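Residue numbers (UniProt numbering), protein chains in the order written: chain A, 1 to 197; chain B, 1 to 197. By construction, the Cβ of each residue, glycine as well, lies at the ideal position given by its N, Cα and C atoms. In this text, all values refer to a predicted model and were calculated from it rather than measured experimentally.
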DNA sequence: GTCTATACATGGATAGAC
DNA sequence: GTCTATCCATGTATAGAC
């Protein structure tokens, strides 16, 4: 189920968990390729070799950081695909993604925003068509261009809206509500779509 | 680092322009820090040193690539700030930005999406508060959180919506229309019920 | 003016001491 | 398990040949 309260990447803990938390902070601030293993080591007060003890490569760290979110996304997509009504599909995706973003604000920004991260995910076969699956769930079959544009703005806009300093002062519950509100406003197109077919 | 103005008259022509075009393509695809000078040189069929002949540093290339867009953004902000009605201010910003994005689809993605690029801009004093100026123009004075969220989604969503493969098949004029449509839908908020806060 | 050659730093990664 | 020392590739940048 998509409704759990813990962030995907724990902020406390020992060994790997602290490493992942530090890496996430740096990734979110500097980008993946703007973050060196040295920086991660420094943030933890250890040496590069200590980092390599936990993960064999930098790519592994990136994957470890983002894969919880990817798995959750996949679960959301799967859950939505099992719904039969279009309305329920869209709603499941929206609520699931917004929830995921709000629960761990910076993680999703890395996932969606960083081209290096996206390349790494592609190379390792993670989320190949997941992104398209989610878009398809939102726009439905035979979407008109206006819907595609709206969904694109929505999907890429949500991530920054969850992370940027602009919304830092807004509480989780309220942010969640506003995001869903925006999503519904964007997707409620007043075009009957009868014209095309 | 003296403020030596470069040979301001790019008389010999297409050298730099081709370089900037190649750099932009790579930045848009791999990100700034994922792009090496070697890649740029290879794309042009020259050597790294030839690239250094045109620009002294990599940062200079980044600045040269994005500064036309920044200047346009600044002009848009300035024009909007001179309008007296709020409606005209918002409209000027929206139309200006959407226009800029559509005219130049990948450039804006680099500008907004790449953390390395943003760091470079900050370090060189370019667009310090430009981003905040534009947000302020859109949300107006004393914005409620819902408006801030909507504007954040909009501003960060537009760039990917202008560049991503999803919209690649949509013509400029149509894309422009849909983007403006989305923007207006997002910003036309009904006030949240007073009970909540 | 353009490239060759190269300096110099950093980054990723490994072997092995403790 | 964690760190020291180190290797090697790459990246930025420069000096100087042509």
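> Among the residues of its own chain, which have a CB less than 7 Å from the CB of residue 140/B, if the five just before and after it don't count?
Replying inline: On the second chain, residue 140/B is found 140 positions in, with the first residue counted as 1. Once the five neighbours on either side are set aside, the close Cβ partners of residue 140/B are 86.
> Going by the beta-carbon positions, is the gap between residue 28/B and residue 44/B smaller than 8 Å?
Replying inline: By one-based count along the second chain, residue 28/B stands at place 28. By one-based count along the second chain, residue 44/B stands at place 44. For residue 28/B and residue 44/B, no; Cβs fall outside 8 Å.
> Since residue 179/A meets chain B, which of its residues come closer than 7 Å, beta carbon to beta carbon?
Replying inline: Taking the first residue of the first chain as 1, we reach residue 179/A at position 179. Close partners of residue 179/A in chain B (Cβ separation under 7 Å): 149.
>> Can you find the residues in the same chain that come closer than 8 Å, C-beta to C-beta, to residue 77/A, ignoring five residues on each side of it along the sequence?
In response: On the first chain, position 77 is the one that residue 77/A refers to. For residue 77/A, where only same-chain residues beyond five positions count, the Cβ hits under 8 Å are 93, 130, 133, 134, 137.
> Can at least three beta-carbon pairs, one atom from the stretch 144 to 152 of chain B and one from the stretch 102 to 119 of chain B, be found at a separation below 8 Å?
Replying inline: No, the stretch 144 to 152 of chain B does not touch the stretch 102 to 119 of chain B.
> Excluding five sequence neighbours on each side, which residues of the same chain lie with their C-beta closer than 6 Å to the C-beta of residue 34/A?
Replying inline: For the purposes of this step, residue 34/A is identified with residue 34 of the first chain, where counting begins at 1. Take residue 34/A, set aside five residues on each side of it, and no residue of its chain has a beta-carbon closer than 6 Å to its own.
> Residues of chain A with a CB under 7 Å from the CB of residue 116/B: which are they?
Replying inline: Along the second chain, read from residue 1 onward, the residue named residue 116/B stands at position 116. The answer, in chain order, is 31, 34.
>> Taking the alpha helix (DSSP H) that residue 143/A belongs to, which residues open and close that run?
In response: Along the first chain, one-based indexing puts residue 143/A at 143. Looking at the DSSP string, residue 143/A is not in any alpha helix (DSSP H), and its letter there is neither H nor E.
> Out of curiosity, what's the CA-to-CA distance linking residue 99/A and residue 15/A?
Replying inline: Taking the first chain and counting its residues from 1, the one referred to as residue 99/A is at position 99. Taking the first chain and counting its residues from 1, the one referred to as residue 15/A is at position 15. As the crow flies, the alpha-carbon of residue 99/A is around 28 Å from that of residue 15/A.
> Going along the chain, which unbroken runs of the alpha helix (DSSP H) with 4 or more residues stay wholly within the stretch 33 to 61 of chain B?
Replying inline: The DSSP assignment places 37 to 44, 48 to 54 as complete runs of the alpha helix (DSSP H) inside the stretch 33 to 61 of chain B, in order along the chain (cut-off: 4 residues).
> Secondary structure at residue 83/A, three-state DSSP: helix, strand or coil?
Replying inline: Start at 1 with the first residue of the first chain, and residue 83/A comes out as number 83. Residue 83/A: coil per DSSP, three-state reduction.
> When you compare only the Cα positions, how much space is there between residue 18/B and residue 24/B?
Replying inline: Residue mapping note: residue 18/B aligns to position 18 of the second chain, counting from 1. Residue mapping note: residue 24/B aligns to position 24 of the second chain, counting from 1. For the pair residue 18/B and residue 24/B, the Cα-to-Cα distance works out to about 10 Å.
>> I need the DSSP call for residue 127/A, collapsed to helix, strand or coil.
In response: Translated into positions along the first chain, residue 127/A becomes position 127. Coil.
> Counting only beta-carbon atoms, is residue 62/A nearer than 8 Å to chain B?
Replying inline: As a working mapping, residue 62/A is identified with position 62 in the first chain. Against chain B, the CB of residue 62/A has no partner CB under 8 Å away; the residue lies outside that interface.
>> Short of 7 Å in beta carbon distance, which residues of its chain neighbour residue 210/B, apart from the five on each side in sequence? Order them along the chain.
In response: Coverage of chain B is limited to positions 1 through 197, which leaves residue 210/B absent and any answer about it impossible.
> Under a CB-based cut-off of 8 Å, is residue 71/B close to chain A?
Replying inline: Here residue 71/B refers to the residue found at position 71 of the second chain. Interface criterion not met: the Cβ of residue 71/B is under 8 Å from no Cβ in chain A.
> Is there contact here, the stretch 152 to 168 of chain A with the stretch 157 to 174 of chain B, by at least three beta-carbon pairs under 8 Å?
Replying inline: Contact between the stretch 152 to 168 of chain A and the stretch 157 to 174 of chain B is present, because at least three Cβ pairs lie under 8 Å.
> chain B partners of residue 141/A, CB-CB under 8 Å?
Replying inline: Stepping through the first chain from its first residue, residue 141/A is reached at position 141. Result: empty, since nearest Cβ-Cβ is about 15 Å, beyond 8 Å.
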